[in-house]
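Trainee:
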């Protein structure tokens with residue numbers, strides 16, 4: 001009989017027992033070996049001691065300074081909090097706001113300031129606490145201010161004569177998304193996000209849609225005579241991960257008022273449109289979500305049936321493990337944040353598909369209008385959104401770059417008239 005690999009090493013005790021016996025023999029042999037004393041020359045000892053004293057006396061070498069963002073005005077940010085059901089919470093008490101008082105509550109706590117030229121609604125994604133949500137929004141807007149100040153020639157409409165300077169007012173929508181940084185943690189928050197927006201169960205789309213409608217009614221009318229003054233305020237939606245999903249759900253609930261002037265995207269004659277752009281960084285939704293869950297956001301032959309008159313922009317990176325492996329395991333399809341969004345062939349009353357594919361451009365390269373003037377824009381950011389291989393979620397949250405700010409500023413730029 002031929003001996004196995006383990007039995008050749010320990011014929012009498014094969015398998016795991018053989019390895020245990022081998023380890024025991026090695027320990028016994030090591031115990032019987034005589035101790036060996038190593039003596040260092042006195043010169044080496046003195047030099048080592050002197051080197052240690054020298055290190056202790058010298059000042060620490062300064063570490064590489066982290067680039068600090070310019071401080072932002074706290075008045076440029078406000079918060080809206082949702083509970084686990086997606087319902088609005090009062091900021092003073094933390095209690096749910098009664099359904100019949102939503103409008104009064106928003107009118108009390110949310111008033112777009114007259115100095116604001118753009119209103120940005122930012123919804124965070126997975127593993128973001130309340131304070132981190134505000135910090136992330138401030139970090140992203142600080143990148144925008146920095147990019148605009150360093151490269152003003154890329155955004156002439158944001159500096160046009162007679163125009164108020166680009167001054168965004170940001171509404172940070174916070175929801176309970178904290179969990180462990182693990183696949184199980186991702187699945188748990190995915191289930192919560194689905195429950196918060198599930199028809200008949202979750203209230204997030206209704207509350208956020210109500211919020212968007214209120215902001216649209218309160219903002220200045222960005223039309224002919226008021227467009228070049230601070231009275232004209234543009235409305236931009238920015239989401240990350242599940243935040244992009246919430247915003248797409250909310251658009252279907254948004255009130256209909258206002259108009260969008262510069263994008264050439266067709267609009268349905270019976271519905272005025274309000275939202276000037278929607279940007280989802282690494283969106284946590286299946287690649288075919290706009291064939292099912294968000295089918296209503298696809299324009300028909302007459303234009304959009306939802307209050308959206310600008311492009312919907314989706315970044316994706318093949319280094320995003322959260323919307324890659326995790327989403328593939330949970331929904332049998334990769335997420336938009338990994339592979340981009342896709343549309344099935346248009347049938348019935350749907351308009352022909354208009355999905356533009358491009359790369360995330362460098363911070364010094366302008367976006368042509370033809371690149372962004374489409375209902376759907378897929379932006380491959382794999383070259384920039386990379387993070388590290390040691391991070392379990394990969395590039396899922398690696399969107400804080402000047403190139404991301406450049407994309408947002410370009411959308412604000414092309415929302416302005418010629």
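Residue numbers (UniProt numbering): 1 to 418. Even glycine gets a Cβ: it sits at the ideal position worked out from N, Cα and C. Bear in mind that the values here come from a model prediction, so they are computed numbers and not experimental data.
#1: Mind reading off the beta-carbon distance from residue 385 to residue 370? Whole number of angstroms is fine, and I expect it under 8 Å.
#2: Per DSSP, what kind of secondary structure is residue 182 in: helix, strand or coil?
#3: Does residue 159 come out as helix, strand or coil in the three-state DSSP assignment?
#4: From the DSSP output, which residues share a beta bridge with residue 236?
#5: Alpha carbons only, please: which of 383, 372, 402 and 203 is nearest the one belonging to residue 413?
#6: So, for residue 300: in the same chain, excluding its five sequence neighbours on each side, which residues have a beta-carbon less than 7 Å away from its beta-carbon?
#7: With a threshold of 7 Å, establish whether the CB of residue 77 neighbours any heavy atom of the ligand MN.
#8: Roughly how many angstroms separate the alpha carbons of residue 379 and residue 339, rounded to a whole number?
#9: Buried or exposed: which applies to residue 82, given that a residue is buried once 16 or more other Cβ atoms fall within 10 Å of its Cβ?
#10: Between residue 382 and the rest of its own chain, which residues show a CB-CB distance below 7 Å, the 5 nearest in sequence each way excluded?
#11: Using the C-alpha atoms, what's the distance from residue 219 back to residue 129?
#12: With distances taken between CB atoms, is the gap from residue 116 to residue 233 smaller than 8 Å?
#13: DSSP puts residue 379 in a beta bridge; with which residues?
#14: Would you decide whether residue 399 is buried or exposed? Buried here means 16 or more other CB atoms lie within 10 Å of its CB.
#15: Flag this pair as yes or no: are the beta carbons of residue 110 and residue 171 separated by less than 8 Å?
#16: Mark residue 298 as exposed unless 16 or more other C-beta atoms lie within 10 angstroms of its C-beta, in which case mark it buried.
#17: Who are the near neighbours of residue 364 in its chain, counting only those whose CB is closer than 8 Å to its CB and skipping five residues on each side?
#18: Taking the alpha helix (DSSP H) that residue 81 falls in, what are its first and last residues?
#19: Quick check on DSSP: helix, strand or coil for residue 323?
#20: Looking at the unbroken beta strand (DSSP E) that takes in residue 109, where does it start and where does it end?
#21: Does DSSP put residue 467 in a helix, in a strand, or in coil?
#22: Measuring CB to CB, does residue 246 end up less than 8 Å from residue 177?
#23: From what residue to what residue does the beta strand (DSSP E) around residue 384 run?
#24: Where does residue 192 land, buried or exposed, given buried means 16+ other C-beta within 10 angstroms?
#25: Between residue 238 and residue 86, is the Cβ-Cβ spacing less than 8 Å?
#26: Taking the alpha helix (DSSP H) that residue 205 belongs to, which residues open and close that run?
#27: Take the Cβ of residue 119 as the centre, count every other Cβ of all protein chains shown within 10 Å, and call the residue buried at 16 or more, exposed below.
#28: So residue 211 packs on residue 112, CB below 8 Å; how close in whole Å?
#29: Between residue 89 and residue 139, what straight-line distance do the alpha-carbon atoms span, to the nearest angstrom?
Mentor: So, to answer that:
#1: With a contact defined as Cβ atoms closer than 8 Å, residue 385 and residue 370 miss out at about 24 Å.
#2: For residue 182, the secondary structure class from DSSP, reduced to helix, strand or coil, is coil.
#3: In this structure, residue 159 counts as helix in the three-state DSSP scheme.
#4: DSSP, once it has assigned bridges, lists 120 and 277 as partnering residue 236.
#5: Sorting 383, 372, 402 and 203 by C-alpha distance to the C-alpha of residue 413 places 372 at the top.
#6: Around residue 300: 349, 350 and 351.
#7: Of ligands this structure carries none, so the ligand MN is not represented either.
#8: So the two alpha carbons sit approximately 10 Å from each other.
#9: It counts as buried.
#10: Excluding residues within five positions, the ones whose Cβ falls inside 7 Å are 317, 318 and 319.
#11: Cα-Cα distance, rounded: 29 Å.
#12: With a cutoff of 8 Å on beta-carbon distance, residue 116 and residue 233 are scored as near each other.
#13: Bridge partners of residue 379: 315 and 358.
#14: Per the 10 Å Cβ criterion, buried.
#15: Yes, the pair counts as a contact, with Cβ atoms nearer than the cut-off.
#16: Buried: at least 16 other Cβ atoms inside 10 Å.
#17: Only 151 and 154 meet the Cβ criterion.
#18: Counting along the chain, residue 81 falls outside any alpha helix (DSSP H), though it belongs to the beta strand (DSSP E) covering 77-82.
#19: Three-state DSSP puts residue 323 in a helix.
#20: Where residue 109 is concerned, there is no enclosing beta strand (DSSP E), although the alpha helix (DSSP H) around it starts and stops at 102-109.
#21: Any question about residue 467 goes unanswered here, given that the chain covers just 1 to 418.
#22: Not closer than 8 Å, so no.
#23: Here residue 384 belongs to no beta strand (DSSP E), and DSSP marks it neither H nor E.
#24: Sixteen is the threshold: when 16 or more other Cβ atoms of the shown chains lie within 10 Å of the Cβ of residue 192, as they do, the residue is buried.
#25: No; because the gap between Cβ atoms is not below 8 Å, this pair is not in contact.
#26: In the DSSP assignment, residue 205 falls within the unbroken alpha helix (DSSP H) covering 204-218.
#27: With 16 or more Cβ atoms within 10 Å of its Cβ, residue 119 is classed as buried.
#28: Between residue 211 and residue 112 the beta-carbon gap is near 12 Å, outside 8 Å, which marks them as no contact.
#29: Distance from the CA of residue 89 to the CA of residue 139, rounded to the nearest whole angstrom, comes to 25 Å.
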